[in-house]
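Structure first, commentary second.
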Amino acid sequence: MLNKILFSALSFLIISASNLFAVSYQDTLTNNVGAVLQTDAVQHTLPDPFIVLPFVILLLMIATGPVFYKHFWEHHYPKIAIILGLITVVYYLFVLGDSHSLLHTLTEYISFIALLSSLFVASGGILVKVDKKVTPVLNVGLLLFGALISNVIGTTGASMLLIRPYIKVNQNRISPYHIIFFIFIVSNIGGALTPIGDPPLFLGFLRGVPFFWVIGAVWFIWLPTLILLLLVFYFIDSRNKAEANESKTYSGKIEFKGLKNLIYLTIILVSVFLDPSILSWVPSLYPLPFGIREIIMFAVVFISYKAADKEVLKANEFDFEPIKEVAYLFVGIFATMIPALQLIANQAKEMGEKLSEGIFYWATGLLSGFLDNAPTYLNFLSASMGKYGLDVNNSSHVIQFTNNYESYLVAISVAAVFFGAMTYIGNGPNFMVKAISERAGITMPSFFVYLIKYAVPILLPIFFLVWLVFFI
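In terms of my numbering, the sequence shown opens at residue 391 and continues consecutively.
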């Protein structure tokens, strides 16, 4: 009950703020992420650096809680995330008098959780059964398939569709590295080819980046990166001496159940484009911090769960714990990271003339691993466009930037998506995959072990090669 009260309090404070501290909007505030996230349209006093502390504390507790005080963390992480978020909210309301930034963040969070939860539930109603003897080649095939479909149903949809069958097919030889490479490839890097694939690219599309520009500009970076990761995985998996169940007879078939849920996935994908900034006939629900798109997505959550085949849900061991964990932790992350993003954006604009494509690549990438990669992408896109006197809120300027300064946009796009794999909090699906794996009995590495043992030694050398070849 306390969790619900705290969560409601945070939402109430942010929504109420728009009435208590009304600000002058240069653009009409609409019910969509693309139109609402116009952080450059309204000027506000920069926050004091000390207010970044709640964000730092939350990150440290996410990293240390499951290791050093697991019982306390498991029972109290919702309250911790919300209380730290409330500190930032109160500061913005009563010290800065800035409700505009809070309303942006609330809108962004609602869209974020609507997309993730709808894909989570709709995918959870589809059962994929792989009745094949597991081999490193089969695992590579599953990861490659996940990378490809992540560009069609998003990294969240692909992750939720494949993580359970991937775990089951490896059940007699499963190891944390299996899940970590799944996060690397399916939950992040795979979705770099289309705006549907990953949230940062979708925000770019909403701002005016042509839909098919992404695949044309990024595929030749995406492909060798994916191949390198699959080769590293194959080498590691080949050294796994644990054998599949030799007494079992395999039919060699791959079966699908609950395919009616593909209809719900299609509805989700279509609803993504129901945005007034894309389709002028789509109505705005201003002053509500959500729109038609989010209503449809939340409706899909309810309908797809109620109409799902109960046997499929049982076979998938489906429950709401993974999305609940993401919802609570990211409400705190979204709130507490507001000042960090604003301070970073200000520094980037001030130093814009000195920043090259390579610097934008590393800056966007490293921060995308620890901040949500979608607003990080927007802030650095805005800063890079500012170098040439262009405005990220003007779609014609975005198209001009895409045509004339493509290398900057490529660097920012690739970095935001790729580096989201660096930590559990770099991208929403990462936490969900981790939670599902832990509920399946897999002991996942802690935040720091994930970073130091896997992300840094495996991903950073590959990302360094990407920089060396394409952005130096």
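All C-beta atoms, glycine included, are put in the ideal place defined by N, C-alpha and C. Only a predicted model underlies this, so the values are computations on that prediction, with no experimental measurement involved.
Thr726 is a Cβ neighbour of Pro444, given a cutoff of 9 Å.
Between the region 825-843 and the region 595-605 there are fewer than three inter-stretch CB-CB distances shorter than 8 Å, so the stretches are not counted as touching. In chain order, Phe750, Tyr798 and Ile802 place their CB closer than 7 Å to the CB of Ser774, counting only its own chain and leaving out the 5 sequence neighbours on each side. Our two residues, Ser489 and Val479, have alpha carbons roughly 9 Å apart in a direct line. The region 689-729 contains, as complete alpha helix (DSSP H) runs of 4+ residues, the segments 700-705 (chain order). By the 16-neighbour rule on beta-carbons within 10 angstroms, Asn793 is exposed. Under DSSP, Phe646 shares a beta bridge with Val518. Straight-line measurement puts the Cα of Pro677 at about 21 Å from the Cα of Arg597. In this structure Phe854 is exposed. Its beta-carbon is surrounded by fewer than 16 other beta-carbon atoms within 10 angstroms.
Where Lys558 is concerned, the enclosing alpha helix (DSSP H) starts and stops at Pro526 to Val559. Here DSSP, grouped into helix, strand and coil, assigns Arg597 to helix.
Looking from the CA of Ile815, the closest CA among Gly722, Val856 and Leu858 belongs to Gly722. Beyond the five residues adjoining it in sequence on each side, Leu616 comes within less than 8 Å, by CB distance, of Leu534, Ala537, Ile575, Ile579 and Gly580 in the same chain, given in chain order. Here Ala773 carries a helix assignment [DSSP, helix/strand/coil].
The beta carbons of Thr833 and Pro456 sit about 11 Å from each other, so the pair does not count as a contact at 8 Å. Between Ala582 and Phe808, the gap from beta carbon to beta carbon is short of 9 Å. Between the alpha carbons of Leu509 and Gly759 lies a gap of roughly 22 Å. In this structure Gly648 is not in contact with Phe720, their Cβ atoms being roughly 27 Å apart against a cut-off of 8 Å. With respect to the 9 Å criterion, Tyr624 and Val559 are not classified as neighbours on the basis of their beta carbons. When the beta-carbon positions are compared, Phe502 and Ala764 come within less than 9 Å of each other.
In the displayed model, Tyr624 falls within a helix according to three-state DSSP. With contacts defined by Cβ atoms closer than 9 Å, Leu768 and Leu492 do not form a contacting pair. Secondary structure note for Ile862: it is in no alpha helix (DSSP H), with a DSSP letter that is neither H nor E.
Note on Glu743: under 16 other CB atoms within 10 angstroms of its CB, so exposed under the neighbour-count rule.
By the Cβ test, the region 449-464 is not in contact with the region 683-697, since fewer than three Cβ pairs between them sit closer than 8 Å.
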